[in-house]
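If you're matching them up, the sequences are chains A, B, C, D and E in order.
Heads up, the first sequence stops at 528 in my numbering, and the numbers go up one at a time, no gaps.
Heads up, the second sequence stops at 1434 in my numbering, and the numbers go up one at a time, no gaps.
Heads up, the third sequence stops at 120 in my numbering, and the numbers go up one at a time, no gaps.
Heads up, the fourth sequence stops at 663 in my numbering, and the numbers go up one at a time, no gaps.
Heads up, the fifth sequence stops at 372 in my numbering, and the numbers go up one at a time, no gaps.
Backbone N, C-alpha and C define an ideal beta-carbon position, used for all residues, glycine too.
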Amino acid sequence: MRDVLPGLLVALPLMGAALVPLLAALSRRTTRAAALGLHAAILAAALGLFGSAAADGPIRYAVGGWPGPWGIELWFDGLSTLIAVLVAGMACFASFAQTFGADRNGAAPASTPLREGLLRGALLLLVGGLLGIVATRDVFNLFVFLEISSLAAYTLVASGEGRGAVAAFRYLLAGTAAGSLYLFGVGFLYALTGTLNMDDLAARLPSVEADAALTVAVVLIAVGLSIKAALFPLHGWLPDTYVYTPTPAAGFIAAVMAKVSAYALLRLLGEVLAGTTAGAVVLEITLWLGILGVLVGGILAVAQRAVTRMLAWSSISAMGMILIGVGMGSALAITGALFHMAAHALAKGCLFFGAGGIRTSEDGDEPGRWAGLGSRAPWTLAALTVAALSMIGIPPTAGFFSKYYLLSASIEAGGPAGIAAFAAIILSSLLATVYFLRVLEAAWFRTPGDAPDVAGDPASRPPGPVLPRPLAVPVVGLAVLVLLTGIFARPFERHVLPDWESGTARISAPAP
Amino acid sequence: MAEGHLISIGLLAAMVVTAACALAVKDLLTAAALFGAFSFLTATWFALLGAVDVAFTEACVGGALTTILFVSTAFRTGRSFD
Amino acid sequence: MTTYAFAAALFTIGLAGMALLPNLLRKLLAMNVMQVAVIVFFVSLAFKDGATVPILGQGGAPVAAEFMNPLPHTLMLTAIVVSVSTTGLALGLLVRVRSRFETLNERRLLDRLR
Amino acid sequence: MTEIVSLRPLLAVGAGLAVVLPILLSGRRPALREAWTFAAGAVQLGAALSMLPAAFAGAAHTSPALPLLPGMPLQFRADPLGLLFLTLSSILWLATSSYSVGYLRSLGLRHQTGYFAAFAAAVAAAAGVALAANLVTFLICYEVLTLATWPLVVHKRTAGVLGSGRSYLAYTLIAGQLLLGAVVWAGALAPGAQFTPGGFLAGAASDGVLRVLFVLLLIGVGSKAAVFPLHGWLPAAMVAPTPVSALLHAVAVVKAGAFGVLRLTGWVFGPDLMHDLGLSLPLAVLAAGTILMASLRALGEDHFKRRLAYSTVSQLSYIVLGGAIGTPLALAGAAFHIAAHGFLKITLFFCAGSVYAATGREHISQLSGLARAMPFTFAAFAVGALGMAGMPLLPGFISKWNLALGALDDHQLWVVALLVVSGLLNLAYYLPILRIAVFEPGDDRRVREPSAWLVAPPVFAALAAIVLGVAPDAGARFWFLAESAARSVAAHAPQFLTGGLP
Amino acid sequence: MGASPPPRHEASRVRRLLGAAAFPALFTGLVLGMAELPEFGDPASPASTHVSPRFIEDAAAETGAANMVTAVLADYRGYDTLGETAVIFAAGLGCLVILAAAGGRPNLPAAGMSHPFGSVILDAATRILVPVVLLFAVYVLIHGHISPGGGFQGGVLFGSGLIMMRLVWGPAHEGGAHHPDVPVFGPSLRSSLMLACAGILGYAGIGLAAMAFGGEFLNYGTLPLGSDPAHVRELATLGIEAAVFLTVAGTVGVLFDTISIGMRENGVPIGSGRGPRE
């Protein structure tokens, strides 16, 4: 198991991406079955690695048989396998949702089998890229997989109609700038240490005496990854991207894309570069920017009049929250950040699948379009309600627990930053209350006629279900997971944290 | 070859100048051509530093492929930067 | 150092161009310049005084000091590929943007998106 | 106190939750749907009663701790105070359920399935609030309570009602978030944050921090208890159907808030610490202000239910007042007032609802002569009104009497004066209702008592109130529970062992 | 949709001002950091002494490649190269999704470079040049072991040869009604895609085959191709270079075809400036 799964985890999605478009020549059904099967297999591999890392300790895997620092190593501890499971699991839902018009917001399936195959291929590539980032122990390899995931994401963003291409282009500019900044920073690190392997870097960095150069390296890397993680004020690409991406891809991208970058930030700043003074300063700045991001994201979410755009701004707020945890760096804070990654990914994926589908079926994106949906589709709406409550942080959903951890960490941290983080998190919950209840109230307690922000005759809406089955199943499934994650939070914490702590302890100890 | 080697410095300076010009000119085809020149200068500099593989690739890609793609896009979208 | 500074200059020009130029195609050119700057930086890291091309000749056992560092070269081959791939995809996007909105000027595009 | 690890507390909390889904699924068959409700009510009451003997013997049923957050498990514990609240809410839930059946049917209201489901969830959450063994469990149940009552408040779904619902949620959810922050903080200061008689925060942090924490916690629980100036939502929430108002006031929301204040003063901070921090007097003054202000507002209010709502604001502040004073007798009086006010107020609301169901009238000035047409209803109303004012042999008297004695223990003479004044004010706003209904000539001779579903519950509640007033220690022994709760706090508050308790 | 946008021009003016200050700062910061890096050309720098010596001194013995760059690229860091291949495949796939695969047909009589140039001299020159270019591409691929070159460069050259044909003779297109004036030559869009897919599958397949024989992913040494590990690795390296070649050549074809030719969707050319309005 331990010597096969790592290779499969990274190889399967890339192979699948090439295989599925070829299968598209056969039939739609084959394509779908193959894609779903591949995603399930990837999830199984990720789960296997998670279990194995939890039971027998972290796994180090030398690709090509070349050990680090000469070859590229993969590293599976509780932290990386947790994120891998999250990515692979969300991908299963997204792949299921792709049966629903993978390339459009409309309710029709993709226009041709080939196109469906290509879009499924793009999703597999995206998954492969993200899993590569999660798994790798090599800073340059991280760049390569960052670019795979980015290119696949641009494709999916632009695969819709019209404005998606503009959004994708802006995302591409931001993403490429981010990648280049990161790579420049890696260049500095390489010049100073001569290595690209994370363990080797962490061991050699303490003996490097060039403080200014090291600072430049850390700043470049942090800025690059922060752009991808949509840390305020580098979040400009995010709202349009999330809004104009076709629904099945939006659910996936909004759920995990930025989080994997936040994970990389945590890995590099919190572990590899933790021993450097610049790393500590940059983490402190990250914390403060996270606080600002939480507030700005929340306030702008309240200001939005379209549901998906509101969700996008709420994502910026959530990324701020995660980066608060990353910035604090204590065990509690990291737990909170990880937990919030999981909680937010599940809930936001659910909401984007749902809101995107409703945008299509109700022919509009204002909260008023949701009027009366509670009685038309009670189960779907109940699921979306659970997700929304998790975003607000109402017990017993997962969002409550992640906020609890982050709040505890802020108290523990103390000082101005701790107090500010504490206040910001509470305030963001209040803002989330405001913007989510607007939607929920419309959905459950308004009738289609009396919604103030929707003009026109409600009878003119297209007939058909509120959410087609390919979207309804992920929505309900994710809502159930939101509840379960909250309730079974403690085991995760027990598996993930010790690895992280021993990892950082090992790293920050000077090399023999 | 030492740091201050004249050919190296000259090439680097020429790279900066062509890059700036490529970003500044009005006509898209001219810009693409200048970018091609920039890529070839870069490739030459790489070769000078002994990075023959990189030089070869940069010439293939930057000098040829990227420029061709830019030019063909120019035909599709109109020549002038509006 | 001088060489590094040229890489920094190219990088700055490229990034500034991406941020400030109004035309999307030009932004793309600037992006390419920025990527080349990183490549220049890495390749200059690989250089060793008195060393030669990293291809083994007929001689005996190779000595590290005699050959350029091949690792940054390898990395930059990958970086070049990434750069051209991004450019290709971006051009595809621009063709589509242009056909839909009939302009590649950022300001006009934003006006039309309103 | 002996701990008995058992699943009964979980059963009491889970009964209501477990039937939410069955109720939703049996929407097409009203009889089955209501049977679920009654079954859950019976189970909850049974569980509560089964835990009473242990409480009488000085033991407490405690559920196993379910790991939830580091050092903060999900745990329920049936201590005397919690058991008092739980027993009260189970009894009143059954009464309200049967009343709801009649009310909804006679008015033909829509969305009945969602109504009963939300009702069950709300009562389960209230039971959770009652039995919560630590702050986190309390918080979780508190938030669930908020959300479960929202659909009940906005049951009519008109724009105005939705607006009221929004202000209800604005108050309670914002307070909930502040409570979350405060709970996290308290958990960081005192690991576990387990409710302990006499408080657990003494010495955990500097005085300033503790004061800030107290204010946060007080806002958190006080907004549900409608303590001035956080009472704005309560009259607005009168847009809800009458059984909902009855539930909100007598059992669930407002009462849970008052219960929370009591937990806060007696079990989180403790009377000693409150005095040391100088928090007792301000809180008492706040409560006194709320009592007077709400009574005056009630005087000027013509809308029947809204007058009752202001009365609730005023009455529940007695509980806050008792918690603030903190002497054993005051605490016992406050705890007993939870039960006393529960029976009395639910009687009053049932009567108001019956009047509305029979005549469609909502204003006091329209009640002329109705007492003759609806004798049972108004007899029950008279019991409720007089009990509220503190007439001897009715339960309100017992709580107020002990409050007064407790205040005297602490040498707070003004509290006695306040109690007298507010009793007079009570009479001043309740008696006119009776006067109009009994002595003014009626204008409609066709009015009759509504169906038995609507008559039996208020009569039952009134009779129960009389029993409670005459023999406060009979049956479920509410007085004993209140007293032993107060005694447990006092045992840890040596400053206040000034006697008074037998 | 969305909030009322802020005044864009104001925003961009602010951004310009910020930019005017930020970019000199960026340059200064970079240069300050660079001042502390090891001197340019220093043979004792960490980069020259830490990891790379193994690649110089042992590569030939361990991997059988005289070109150290190829050794690192295809073997020591073969996983990077798989990623690189996936990147370029992603670009091709992306352009297909964005521009071509909307179920349309090739937009043959479109404007621009898709017109054959149609000059006799060009035609003759191309006839001679193209085979030479294609041959040279294959040479570059195979000779990558001992001289500059390899799968990627070869693939680009091969693709360039195809582009040359396209430029002069016009595009190929999928089955159905051929344009009467346009000769069909070179791979169609669909077969270009298949080439690209085949490359990825081949590369990852070799990696998985190594796993099947008990090694790590991409550990070619375990493949049963001979007794000398270096030789085995050399052969496998050739295999993956060929896979890269396929993907690159296919993708270059896809990129050029989609960007320069475009497709018709519902009878209207995509990307011709006359696209369907939404």
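Interface flag for A85/C against chain A is set, since a Cβ pair is found closer than 8 Å. Q355/D is bridged by DSSP to N295/D. With respect to chain B, the C-beta atom of F53/C has a partner C-beta closer than 8 Å. Between the region 228-239 of chain A and the region 153-161 of chain E there are fewer than three C-beta pairs closer than 8 Å, too few to call the two in contact. Contact annotation: the region 447-461 of chain D does not touch the region 270-281 of chain D, with fewer than three C-beta pairs closer than 8 Å. Contact with chain D is found for E428/A, since one of that chain's Cβ atoms lies less than 8 Å from the residue's Cβ. Residues of the region 1408-1430 of chain B that bring their beta carbon within less than 8 Å of a beta carbon in chain E comprise F1408, T1409, C1412, V1413, A1416, L1417, I1420, L1421, V1423, S1424, T1425, F1427, R1428, T1429, G1430, in sequence order. For the region 68-82 of chain A, residues whose beta-carbon sits nearer than 8 Å to a beta-carbon of chain E comprise Y77, A78, V79, G80, G81, W82. Taking 8 Å as the upper bound for CB-CB distance, A14/C and M128/E are in contact here, some 6 Å apart. In the three-state scheme derived from DSSP, where H, G and I count as helix and E and B as strand, W346/D is classed as helix. In this structure, the CA atom of L340/E is about 9 Å from the CA atom of F246/E. About 26 Å separates the Cβ atoms of N213/A and G67/A, ruling out a contact at the 8 Å cut-off. Taking a beta-carbon distance threshold of 8 Å, R32/C does not count as an interface residue toward chain A. Per DSSP, reduced to three states, the secondary structure at L1401/B is coil, with no helix or strand assignment. Within chain B, not a single residue places a beta-carbon under 8 Å from that of T92/C; the smallest gap is close to 10 Å. Considering only beta carbons, the part of the region 8-33 of chain C lying closer than 7 Å to chain B consists of T8, T9, F12, A15, L16, I19, G23, L27, N29, L31, R32, in chain order. For V143/A, the CB contacts under 8 Å within the same chain, skipping 5 residues up- and downstream, are P29, H55, I58, V103, A104, A107 in chain order. For D215/A, the number of other beta carbons within 10 angstroms of its own is at least 16, and it is reported as buried. In this structure, the CA atom of I269/A is about 9 Å from the CA atom of T257/A.
Those residues of the region 139-160 of chain E placed with their C-beta closer than 7 Å to a C-beta in chain B do not exist.
Here the region 400-407 of chain D lies against the region 313-320 of chain D, with 3 or more beta-carbon pairs under 8 Å apart. Residues of chain E whose Cβ lies closer than 7 Å to the Cβ of N75/C are, in chain order, A141, S142, S146. G342/D reaches chain A at L423, F438, I442, counting residues in chain order whose Cβ is nearer than 7 Å. Looking at the DSSP output, F73/C shares a beta bridge with T58/C.
Here the region 328-340 of chain A makes contact with the region 305-313 of chain A; the two share three or more CB pairs at distances below 8 Å. In the DSSP assignment, H502/D falls within the alpha helix (DSSP H) that extends over 489-520. When Cβ-Cβ separations below 8 Å define contact, G148/A makes contact with chain E. Contact annotation for M82/C against chain B: V1406 [CB-CB distance below 7 Å, chain order]. For T1419/B, the closest C-alpha among the options A1385/B, T1429/B, A1365/B is that of A1385/B. When the Cα atoms are used, Y173/E and S165/A turn out to be separated by approximately 16 Å. Apart from the 5 residues on each side of it in sequence, F204/A sits with its Cβ closer than 8 Å to the Cβ of A229, L230, V232, A233, L236 in its chain, given in chain order. In this structure the region 369-379 of chain D does not lie against the region 197-217 of chain D, because fewer than three pairs of beta carbons, one per stretch, are closer than 8 Å. Contact check between the region 184-199 of chain A and the region 63-78 of chain C: fewer than three CB pairs, one atom from each, fall below 8 Å, which does not count as touching.
The residues L249, L253, A411, V412, K416, in chain order, have a CB closer than 7 Å to that of G503/D in the same chain once the five nearest residues on each side in sequence are set aside. Per DSSP, F117/E has no beta-bridge partner at all. Under the rule that a run must span 4 or more residues, the alpha helix (DSSP H) segments found entirely inside the region 341-391 of chain A read 347-377.
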